[in-house]
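What follows is a single structure, written as structure tokens, with notes after it.
There are 2 protein chains.
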Amino acid sequence: MSRHRAAVEYEQKANGQRPVENAKAISILESYSGRSLGVIELQFEKSADGLVPAVAQDYKTGEVLMLAYISRDSWAATLESGYATYWSRSRQELWRKGDTSGNLQRVKDIFVDCDLDAVVFKVEQVGGKACHTGKRSCFFRKVAGDTLTAVD
Amino acid sequence: MSRHRAAVEYEQKANGQRPVENAKAISILESYSGRSLGVIELQFEKSADGLVPAVAQDYKTGEVLMLAYISRDSWAATLESGYATYWSRSRQELWRKGDTSGNLQRVKDIFVDCDLDAVVFKVEQVGGKACHTGKRSCFFRKVAGDTLTAVD
Numbered sequence: 656m657s658r659h660r661a662a663v664e665y666e667q668k669a670n671g672q673r674p675v676e677n678a679k680a681i682s683i684l685e686s687y688s689g690r691s692l693g694v695i696e697l698q699f700e701k702s703a704d705g706l707v708p709a710v711a712q713d714y715k716t717g718e719v720l721m722l723a724y725i726s727r728d729s730w731a732a733t734l735e736s737g738y739a740t741y742w743s744r745s746r747q748e749l750w751r752k753g754d755t756s757g758n759l760q761r762v763k764d765i766f767v768d769c770d771l772d773a774v775v776f777k778v779e780q781v782g783g784k785a786c787h788t789g790k791r792s793c794f795f796r797k798v799a800g801d802t803l804t805a806v807d
Numbered sequence: 656m657s658r659h660r661a662a663v664e665y666e667q668k669a670n671g672q673r674p675v676e677n678a679k680a681i682s683i684l685e686s687y688s689g690r691s692l693g694v695i696e697l698q699f700e701k702s703a704d705g706l707v708p709a710v711a712q713d714y715k716t717g718e719v720l721m722l723a724y725i726s727r728d729s730w731a732a733t734l735e736s737g738y739a740t741y742w743s744r745s746r747q748e749l750w751r752k753g754d755t756s757g758n759l760q761r762v763k764d765i766f767v768d769c770d771l772d773a774v775v776f777k778v779e780q781v782g783g784k785a786c787h788t789g790k791r792s793c794f795f796r797k798v799a800g801d802t803l804t805a806v807d
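Residue numbers (the working numbering), protein chains in the order written: chain E, 656 to 807; chain C, 656 to 807.
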């Protein structure tokens, strides 16, 4: 398949012109880099903004580190690079986690849910800190009665 | 505070008429049931649909069981009832998980993220099955090369 043809098919998919079947939602595409890339189709179109939530979980401890969103492009970039790559809603751009802070997330495993509209990245958190506040996890506060209390 | 006054303030908040400060995003409201209810304000308005993602995680094993969404009302209902209560995007209604299947989720702890726009429910999964497919977790498929493989 030519790169042009692959790009056209990718566009068609992005525009929802080929419906995705839940059970066989797999397609093989060439990546824009030219090498073979398998893209497992997720249900991006289910949300108004075309994004799917991704939960980053420490691959050893099981701690939930953060929740962010992926676009179709960040999903492809994550699969291709092996590093968690999200879509920044505030900056409206592809965001490889850690590109600025150095706290990259090496993806060890990816789990996809029954509806193909949420994923879990099992990651090795480089630098040990997922949160921009310097905490290990973004979920460092716990509901305690009517208030929140920091637990870490 | 009268129930009427509480209802008015709740409405005002729901309409975003009182900006929420990140650091002190706590308010005490009376619930519609009349008893005192503390509602910790989340950033529902950050998404187009006014929903916040909630990750249900097994409180003992750390396994991520499912991801669903909460509205302002389902958040209040979860805090008040102690059972995970979501917003069904397909049915557009409050959805206490397990009301039909019996597989309720008893909430043991709730963690809130740094931006107040995602939560983790640590739950005891009644019946041991979170997924409508009968699986323990909705995340029962794993990316393996260009395909998905069931792991459970």
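Built from N, CA and C at the ideal position, the CB exists for glycine as well.
Against chain C, the CB of Ala703/E has a partner CB under 7 Å away; the residue lies at that interface. Only Asp764, Ile765, Phe766, Val767 and Asp768 from the segment 756–768 of chain C bring a Cβ to less than 7 Å from some Cβ of chain E. Taking C-beta separations shorter than 6 Å and ignoring five residues to either side along the sequence, the partners of Val767/E in its chain run Val774, following chain order. One alpha carbon belongs to Phe794/E, the other to Thr802/C, and they sit about 31 Å apart. Boundaries of the alpha helix (DSSP H) harbouring Asp728/C: Arg727 to Ser736, taken from the DSSP string. Val778/C is outside the set of residues whose beta carbon lies under 7 Å from a beta carbon in chain E.
Within its own chain, the residues whose Cβ lies closer than 7 Å to the Cβ of Gln780/E, once the five positions on either side in sequence are excluded, are Asp713, Leu720, Asn758 and Gln760, listed in chain order.
With respect to the 7 Å criterion, Ser729/E and Tyr738/E are not classified as neighbours on the basis of their beta carbons. Contact between Asp764/E and Lys797/C is confirmed by a C-beta separation of about 6 Å, below the 8 Å threshold.
Counting along the chain, the unbroken beta strand (DSSP E) around Phe766/E starts and ends at Gln760 to Val767.
Take the alpha-carbon of Ser743/E and the one of Pro708/C: they are about 16 Å apart.
For secondary structure counted as the beta strand (DSSP E) over 3 or more consecutive residues, the segment 765–791 of chain C holds these complete runs in sequence order: 774–780. At the C-beta level, Ser726/C and Leu706/C come within 7 Å of one another. Of the residues Lys777/E, Asp704/E and Ser702/E, the one whose Cα lies closest to the Cα of Thr733/E is Lys777/E.
Following the DSSP letters along the chain, one finds Gln712/C inside the beta strand (DSSP E) bounded by residues Val707 to Asp713. For Thr733/C, the closest Cβ of chain E is not nearer than 7 Å. When C-beta distances to chain E are compared with 8 Å, the residues of the segment 709–722 of chain C below that value are Val710, Gln712, Thr716, Gly717, Glu718, Val719, Met721 and Leu722, in chain order.
Rounded to the nearest whole angstrom, the CA to CA distance from Ser756/C to Trp750/C is 12 Å. Shown here, Glu718/E sits in coil according to DSSP, grouped into three states, outside any helix or strand. For Lys784/E, no Cβ of chain C is located within less than 7 Å of the residue's own Cβ. Contact residues of the segment 782–806 of chain C toward chain E are Cys786, His787, Thr788, Lys790, Ser792, Cys793, Phe794, Phe795, Arg796, Lys797, Val798, Gly800, Asp801, Thr802, Leu803 and Val806 (C-beta to C-beta distance below 9 Å). Under the DSSP definition of a beta bridge, Ser745/E lacks any partner.
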